[in-house]
Amino acid sequence: DAGVIQSPRHEVTEMGQEVTLRCKPISGHNSLFWYRQTMMRGLELLIYFNNNVPIDDSGMPEDRFSAKMPNASFSTLKIQPSEPRDSAVYFCASSYSAGNTIYFGEGSWLTVV
Amino acid sequence: QQQVKQSPQSLIVQKGGISIINCAYENTAFDYFPWYQQFPGKGPALLIAIRPDVSEKKEGRFTISFNKSAKQFSLHIMDSQPGDSATYFCAATLPASGSRLTFGEGTQLTVNP
Numbered sequence: 001d002a003g004v005i006q007s008p009r010h011e012v013t014e015m016g017q018e019v020t021l022r023c024k025p026i027s028g029h030n031s032l033f034w035y036r037q038t039m040m041r042g043l044e045l046l047i048y049f050n051n052n053v054p055i056d057d058s059g060m061p062e063d064r065f066s067a068k069m070p071n072a073s074f075s076t077l078k079i080q081p082s083e084p085r086d087s088a089v090y091f092c093a094s095s096y097s098a099g100n101t102i103y104f105g106e107g108s109w110l111t112v113v
Numbered sequence: 001q002q003q004v005k006q007s008p009q010s011l012i013v014q015k016g017g018i019s020i021i022n023c024a025y026e027n028t029a030f031d032y033f034p035w036y037q038q039f040p041g042k043g044p045a046l047l048i049a050i051r052p053d054v055s056e057k058k059e060g061r062f063t064i065s066f067n068k069s070a071k072q073f074s075l076h077i078m079d080s081q082p083g084d085s086a087t088y089f090c091a092a093t094l095p096a097s098g099s100r101l102t103f104g105e106g107t108q109l110t111v112n113p
């Protein structure tokens with residue numbers, strides 16, 4: 001089992017640039033989550049998909065953030081334009097919607113300078 | 001609104017001691033309470049979980065104690081080891097929420113040799 005796969009693992013970008021984070025959930029899982037982790041705010045749920053459909057995006061900070069899930073094996077989180085305050089670790093996670101265990105990827109470490 | 005409050009923020013324990021981390025929740029509709037363990041540079045991983053119909057669950061050196069009336073639950077790590085040094089998060093989910101987790105703020109545990 002390969003687990004949740006995220007890319008890139010690390011990214012440094014300049015303010016104003018577009019950032020795209022990618023996620024491949026565990027095969028067979030039908031729920032996908034994007035979380036953001038910072039020292040100040042801890043782990044925050046940004047958006048949650050079930051069967052590729054966005055169910056709750058109330059955690060998305062603002063219009064600069066968007067997420068898509070075109071199929072069951074791929075999701076993206078895009079920030080455009082990026083700002084220094086977006087610097088954080090972004091985690092993708094997946095689960096069976098009927099179960100309770102969420103499996104996290106190793107995160108994408110984003111630094112916006 | 002923070003729905004799960006966790007304490008302490010940090011904890012230092014000697015090898016062989018007992019580590020205790022506490023969480024309190026507000027929403028009585030929560031029906032699943034997991035604890036996640038996170039090592040530096042890694043994503044959170046499920047450690048142990050409990051449902052509100054039981055007061056205690058034990059897995060090896062890790063025990064969850066659950067007090068439904070007080071809306072509190074705690075993680076006890078017996079015989080703490082240096083390898084237990086990590087950040088621990090309590091969490092809670094609502095029924096039919098697709099495993100969507102609401103996290104506590106996290107506790108950084110250091111076990112000294």
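Read top to bottom, the protein sequences are chains A and B.
Mapping the first sequence onto our numbering, position 103 (from 1) lands on 103, and the numbers just tick up by one.
Mapping the second sequence onto our numbering, position 9 (from 1) lands on 9, and the numbers just tick up by one.
The beta-carbon is built from N, C-alpha and C at its ideal position, and this holds for glycine as well.
Host beta strand (DSSP E) of residue i (start-end)
i	result
E59(B)	56-59
K5(B)	4-7
D56(A)	53-56
R41(A)	It is not in any beta strand (DSSP E) - R41(A) carries neither H nor E in the DSSP assignment.
S10(B)	10-14
K68(A)	65-71
I102(A)	Element bounds for I102(A): n/a, residue is neither H nor E.
Y90(A)	88-95
T63(B)	62-67
K42(B)	Neither: K42(B) is in no beta strand (DSSP E) and is coded neither H nor E.
S19(B)	19-25
T93(B)	Looking at the DSSP string, T93(B) is not in any beta strand (DSSP E), and its letter there is neither H nor E.
Q108(B)	107-112
Which of helix, strand or coil DSSP assigns to residue i
i	result
R9(A)	coil
P82(B)	helix
R22(A)	strand
R51(B)	coil
R85(A)	helix
V112(A)	strand
K71(B)	coil
F30(B)	coil
A2(A)	coil
S27(A)	coil
7 Å Cβ cut-off: residues of chain A touching residue i
i	result
E105(B)	G42
Same chain, Cβ closer than 6 Å to residue i, neighbours up to 5 away in sequence not counted
i	result
V19(A)	T13, I79, S82
F65(A)	I79
D86(A)	I79, V112
I21(B)	L75, Y88, T107
D57(A)	I47
T38(A)	A88
Residue i and residue j closer than 8 Å at C-beta
i	j	result
S108(A)	Q17(A)	no
F103(B)	G42(A)	yes
S65(B)	E56(B)	yes
N100(A)	A49(B)	yes
Y103(A)	S97(A)	no
L75(B)	F62(B)	yes
R9(A)	A88(A)	no
P84(A)	A67(A)	no
S75(A)	L32(A)	yes
D84(B)	L109(B)	yes
9 Å Cβ cut-off: residues of chain A touching residue i
i	result
A45(B)	Y103, F104
Y32(B)	N100
F89(B)	G42, L43
Contacting residues, own chain, Cβ-Cβ under 8 Å from residue i (five flanking each side not counted)
i	result
G105(A)	G3, V4, I5, Q6, C23, F91, C92, A93
K71(B)	A24, Y25, E26, T28
Amino acids of chain A, ordered along the chain, whose beta-carbon sits closer than 8 Å to that of residue i
i	result
T93(B)	N100
Residues near residue i in its chain [Cβ-Cβ closer than 7 Å; skip 5 each side]
i	result
F39(B)	A86
Q1(B)	Below a pLDDT of 50, predicted positions are generally treated as unreliable, and Q1(B), at 46, falls in that range; the measurement from the model is reported next regardless. Same-chain partners within the cutoff: there are none.
R51(B)	D31, Y32
Amino acids of chain B, ordered along the chain, whose beta-carbon sits closer than 8 Å to that of residue i
i	result
F91(A)	G43, P44
Cutoff 8 Å: residue i Cβ touching any chain D Cβ
i	result
A49(B)	No chain D appears in this structure, whose protein chains are A and B.
Under 7 Å from the C-beta of residue i: neighbouring residues of chain B
i	result
G107(A)	G43
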